[in-house]
Amino acid sequence: MLPLLLLAAQASASLFQRDDPGYAGFNDPNAQGGSMLTVVNNTYPPGMGEPLNVIVSANSDPAVLKDSLYDGGFQNYMLSVHLSTQCLGAQFGAPQQANLDGHTNVSEIQTLRYNYGDPYIGSCRETFDGGQHLRYWKQNGTGAIFMAVSIEMELAKGHDIIRNGYNAGRDFLVGNITNLTEPLDGRNLTNTSTFTGSTMFRNYTYQTDVRYVNGLLRNSSDDINHYITVEDDGLPAIDGLVAVLTVSITDRPEGSMNAACRASVSVLLGAVALAVAVLM
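Take the sequence shown: its position 262, counting from 1, is numbered 272 in this note's numbering, and each next residue is one higher.
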């Protein structure tokens, strides 16, 4: 009987995720034996992690879900919001791991750093001066991209996270994605908050719909890395909200694969229309 009950519980969890629009396009790691906190080595106290507080939904354009700088891929999308690969390709800081499916811990794909408007070497400035950075992973089975986003102090202070740095890092990213003119005040956000905006890089235009959801992370400081420096004004280190992004590509350069495909389809349709006209 116990295995049947377990299967029923798993089916119920999957049904909940499909029915709740906030959960569309990814699986909840918690429901599968995984975690929404990263695995950080050598923390004090041991076992601390960082929140996976932004998710790119698998309902996004397939090109965006590819970890690529080309053809409108994820790295190009991140460049549209001023996030670049590490300074001169060097690894600064220890890589973290995450368990998104309950099977095993997986190392981050890489770390991206705010480039201050310089997509080539601007991430070097973030390395030394601090600022927004993120680590990311891809979830097996769904293809969704999970990110741990935060704002860190300068290198001289060991890249500790600033006050409210996890929430602020998430909201700074959402603000840049949606071109908000004023910084988001995280204290006014709820699980009903939504935003939409467009960004562009290398002639790829991205429209992003953002929905904040709760229930994936706790509103707590428990098990949160750097919690001592992050807690702000008596509030927990994280507010428990996750920003879910659904990204579509609304415009592509003419030479791109998709543009070429569209052109081929147009030519084909034109030929069909001509053939029909001749037959008539």
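Virtual Cβ for every residue (Gly too), placed ideally from N, Cα, C.
- Kindly provide the ranges of any beta strand (DSSP E) runs that are 3 or more residues long and lie completely inside the stretch 44-95, ordered along the chain. 64-66, 93-95
- Query: If you draw a straight line from the C-alpha of HIS169 to the C-alpha of GLY141, how long is it?
  - Reply: Taking the sequence shown and counting its residues from 1, the one referred to as residue 169 is at position 159. Taking the sequence shown and counting its residues from 1, the one referred to as residue 141 is at position 131. Roughly 9 Å between the two C-alpha positions.
- Jot down the residue ranges of each uninterrupted alpha helix (DSSP H) in the stretch 172-220, minimum 4 residues, whole runs only, in chain order. 175-187
- Query: Nearest-angstrom Cα distance between ALA269 and THR215?
  - Reply: For this step, residue 269 is matched to residue 259 along the sequence shown. For this step, residue 215 is matched to residue 205 along the sequence shown. In this predicted model, ALA269 has a pLDDT of only 48, less than 50, meaning its place in the structure is not dependable enough to derive any value.
- Task: Return helix, strand or coil for TYR124, following the three-state DSSP convention.
- Result: Along the sequence shown, read from residue 1 onward, the residue named residue 124 stands at position 114. Note: TYR124 maps to strand in three-state DSSP.
- Query: Between which two residues does the beta strand (DSSP E) harbouring TYR146 extend?
  - Reply: Taking the sequence shown and counting its residues from 1, the one referred to as residue 146 is at position 136. 141-148 is the extent of the beta strand (DSSP E) around TYR146.
- Just tell me which of CYS97, VAL220, ALA178, ILE119 has its CA closest to the CA of ASP139. Translated into positions along the sequence shown, residue 139 becomes position 129. Ranking the options by Cα distance to ASP139, first place goes to CYS97.
- Item | Among SER94, ALA108, GLY103, the one whose alpha carbon lies nearest that of LYS167 | For the purposes of this step, residue 167 is identified with residue 157 of the sequence shown, where counting begins at 1. Nearest of SER94, ALA108, GLY103 to LYS167, Cα basis: GLY103.
- Among all the DSSP beta bridges, which residues are the ones paired with PHE102? Counting from 1 along the sequence shown, the entry for residue 102 is found at position 92. Looking at the DSSP assignment, PHE102 forms no beta bridge with any residue, so it has no partner.
- Message: Give me, in chain order, the residues of the same chain whose beta-carbon lies closer than 7 Å to that of VAL91; leave out the 5 immediate sequence neighbours on both sides.
- Response: Numbered from its first residue, the sequence shown carries residue 91 at position 81. Within the same chain, VAL91 has close Cβ partners LEU183, ASN186, ILE187, THR209.
- Through-space distance from PHE84 to SER45, alpha-carbon basis: Numbered from its first residue, the sequence shown carries residue 45 at position 35. Numbered from its first residue, the sequence shown carries residue 84 at position 74. If I take the Cα positions, the gap works out to 23 Å.
- Task: Evaluate ASN294 with the Cβ neighbour count: other Cβ atoms within 10 Å of its Cβ, from every protein chain shown; 16 or more gives buried, anything less gives exposed.
- Result: No statement about residue 294 is possible, as the shown extent of the chain runs from 11 to 290 and does not include it.
- Item | CA nearest to the CA of VAL223, picked from ALA108, VAL74, THR202, ASP242 | For the purposes of this step, residue 223 is taken as the residue at position 213 of the sequence shown. The candidate whose alpha carbon is nearest that of VAL223 is THR202.
- Query: Which value, in whole angstroms, describes the spacing of the CA atoms of ILE172 and GLY225?
  - Reply: Counting from one through the sequence shown, the residue named residue 172 turns up at place 162. Counting from one through the sequence shown, the residue named residue 225 turns up at place 215. About 24 Å.
- Item | Backbone CA spacing between ASN229 and THR206 [nearest angstrom] | Position 219 of the sequence shown, counted from the first residue, corresponds to residue 229. Position 196 of the sequence shown, counted from the first residue, corresponds to residue 206. Rounded to the nearest angstrom, the two C-alpha atoms are 25 Å apart.
- Along the chain, where does the beta strand (DSSP E) that runs through ILE259 open and close? In the sequence shown, the residue the question calls residue 259 occupies position 249. Where ILE259 is concerned, the enclosing beta strand (DSSP E) stretches over 252-261.
- ILE234 - partner residues in DSSP beta bridges: Taking the first residue of the sequence shown as 1, we reach residue 234 at position 224. BP columns for ILE234 point to GLY59.
- Query: Helix or strand or just coil, what does DSSP make of GLU162?
  - Reply: Locating residue 162 in the sequence shown gives position 152, where the first residue counts as 1. Correct three-state label for GLU162: strand.
- Query: What are the partner residues of SER117, as DSSP defines its beta bridges?
  - Reply: Taking the first residue of the sequence shown as 1, we reach residue 117 at position 107. BP columns for SER117 point to GLN107.
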